[in-house]
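**Student:** Each residue of the sequence shown is one higher than the one before, starting from 1 at the first, in full-length UniProt numbering. Take this structure first; my questions come after.
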Amino acid sequence: MYHGRTTGKGPSTPTQIYQQPPRLLIVHISLPSWADICSNLCEAMQNFFSLACSLMGPSRMSLFSLYMVQNQHECILPFVQVKGNFARLQTCISEIRTLQKEGCFRPQGTSLQLAVEDGLQQFKQYCRHVTTGSALTYTSLEITILTSQPGKEVVKQLEKGLKDTDLVRVRRLQVVEITKEALECTDSASPIEESSNDESSFLGTDIDLQTIDNDVVSMEIFFKAWLHNSGTDQEHIHLLLPSQSFSNISRARDKPMCLKCDLQERLLSPSLLPGTADGSLKMDDPKGDFSTLYQMTSQSSASYYKLRVIKALKSSGMCESVTYGLPFILRPTSCWQLDWNELETNQQHFHALCHSLLPTLPFRSTH
């Protein structure tokens, strides 16, 4: 497949390719629900970090910090590099297991607010004291609050408490409500759908509300999403459609219509797992050609690819070897640099294309 590539300012480097934002996780403990959540959360965190700390290639997760909020906030783990640090993270998870599960305590109304402010302050201090000339630069922080309290109430509490706080360094502030339905109902919603950004409800300024089920698998899937690129600084692909085939949605008949799209990984390459880097999975090697698409999705402002549609082919006539490899999901872009009207129009055109493909389910041939 031949593709055109447009490059922005500055060279791309491996650290740019895989660099994910630093993350602050705040676990909001409330009794008696903590007794039901603790073991699931600790097992999910241990499974996730055993993977994140040992993945081959450049680190997909940079800095991580952990706070606990009971009657007051406490920093369990200051900001540390994730890769190669499993022993320290495991110690923190063991400490979480020992926290109070029964009885009662009087929670302070400002504890969550103070945890956010303290974590943000520690992040700023870390950035000031990081080694001068380091290839890694941290400009923004993602904050996730795990709670069993009603999510909307927590959001309102944060909006009120943080209204005078400078959040310019916060890339995303997310409240994740751990629901109790999974304890009584086995027919719960798919954890993949629950952890999707598309299912999130935005309440207030810069606060994202989401729910996950209280089971190990759902929590693991939520954490593993941290390993995938979710940047919105630059669209990843420009899909050029022939105007004669889409004249009803493209005004300029002699100019191809451009759909701006993002790529999302569906699976992690098995070659990234320890013990598999033996050359047998060369196509999936993070340094090989196959991962070029993923690398491109993670270059915040370095480049995007142009793919031109030349022909529609039925899937029944397509050899499976042509599509062999790890799957990616193509979505309409959510790049913040585009205005709302352009984002909405682009999304409508993307869905129109998907609708036109449904009757015969063809593959689009590009070059």
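Every residue, glycine too, gets a C-beta built ideally from N, C-alpha and C. Just so it is clear, the structure is predicted and the values come from calculations on it, not from any experiment.
How is E95 classed by DSSP in three states: helix, strand or coil?
**Tutor:** E95: helix per DSSP, three-state reduction.
**Student:** Looking only at C-alpha atoms, which of S50, S30, I178, A35 sits nearest to K224?
**Tutor:** Looking at the Cα atoms, S50 is the closest of the given residues.
**Student:** Return the CA-CA distance between L112 and R128, expressed in angstroms with no decimal places.
**Tutor:** Spanning the two alpha carbons is a distance of roughly 25 Å.
**Student:** Tell me whether H238 sits in a helix, a strand or coil according to DSSP, three-state version.
**Tutor:** DSSP places H238 in strand when its eight states are reduced to three.
**Student:** Mapping DSSP to helix, strand and coil, what is P270?
**Tutor:** In this structure, P270 counts as helix in the three-state DSSP scheme.
**Student:** Excluding five sequence neighbours on each side, which residues of the same chain lie with their C-beta closer than 6 Å to the C-beta of L267?
**Tutor:** The answer, listed in chain order, is L326.
**Student:** Taking only runs of the beta strand (DSSP E) that begin and end inside the region 322-355, which ones reach a length of at least 3 residues, in chain order?
**Tutor:** Counting only runs of 3 or more, we get 328-332.
**Student:** Express the C-alpha separation of S334 and D233 in angstroms, rounding to a whole number.
**Tutor:** Going by the C-alpha atoms only, they are around 9 Å apart.
**Student:** Which of the three DSSP states is assigned to S65 in this structure?
**Tutor:** If DSSP states are grouped into helix, strand and coil, S65 belongs with the strands.
**Student:** Can you tell me whether DSSP reads M257 as helix, strand or coil?
**Tutor:** Reduced to three states, the DSSP call for M257 is strand.
**Student:** Can you list, in chain order, the residues of its chain whose CB lies under 6 Å from that of C42, leaving out five sequence neighbours each side?
**Tutor:** The answer, listed in chain order, is I93, I96, R97.
**Student:** Do you know offhand how far V80's Cα is from E320's?
**Tutor:** V80 and E320: Cα-Cα distance of roughly 44 Å.
**Student:** Pick from L173, L25, N40, S148: whose alpha carbon is nearest that of L77?
**Tutor:** Among L173, L25, N40, S148, the Cα nearest to that of L77 belongs to L25.
**Student:** Quick check on the DSSP output: the alpha helix (DSSP H) that includes D118 runs from which residue to which?
**Tutor:** Per DSSP, D118 belongs to the alpha helix (DSSP H) from 111-129.
**Student:** State buried or exposed for residue 380, treating a residue as buried only when at least 16 other CB atoms are found within 10 Å of its CB.
**Tutor:** The structure shown does not extend to residue 380, since the chain is modelled only from 1 to 367, so the question has no answer here.
**Student:** Closest to L263 by CA distance: which of Y304, R331, F222 is it?
**Tutor:** When each option's Cα is compared against that of L263, the closest is R331.
**Student:** Could you pull the start and end residues of the alpha helix (DSSP H) that D36 belongs to?
**Tutor:** Start and end: 34-52.
**Student:** How is the beta strand (DSSP E) around Q81 delimited, first residue to last?
**Tutor:** Start and end: 73-81.
**Student:** Return the first residue and the last residue of the alpha helix (DSSP H) that L209 is part of.
**Tutor:** Where L209 is concerned, there is no enclosing alpha helix (DSSP H), although the beta strand (DSSP E) it sits in stretches over 207-213.
**Student:** Return the chain-ordered list of same chain residues with a C-beta closer than 6 Å to the C-beta of H355, the five sequence neighbours on each side being excluded.
**Tutor:** Answer for H355: no residue qualifies.
**Student:** Measuring CA to CA, which of V176, F222, L173 is closest to A44?
**Tutor:** Out of V176, F222, L173, F222 has the C-alpha closest to the C-alpha of A44.
**Student:** At the level of alpha carbons, what is the spacing between T144 and K306?
**Tutor:** When rounded, the distance between both Cα atoms is 34 Å.
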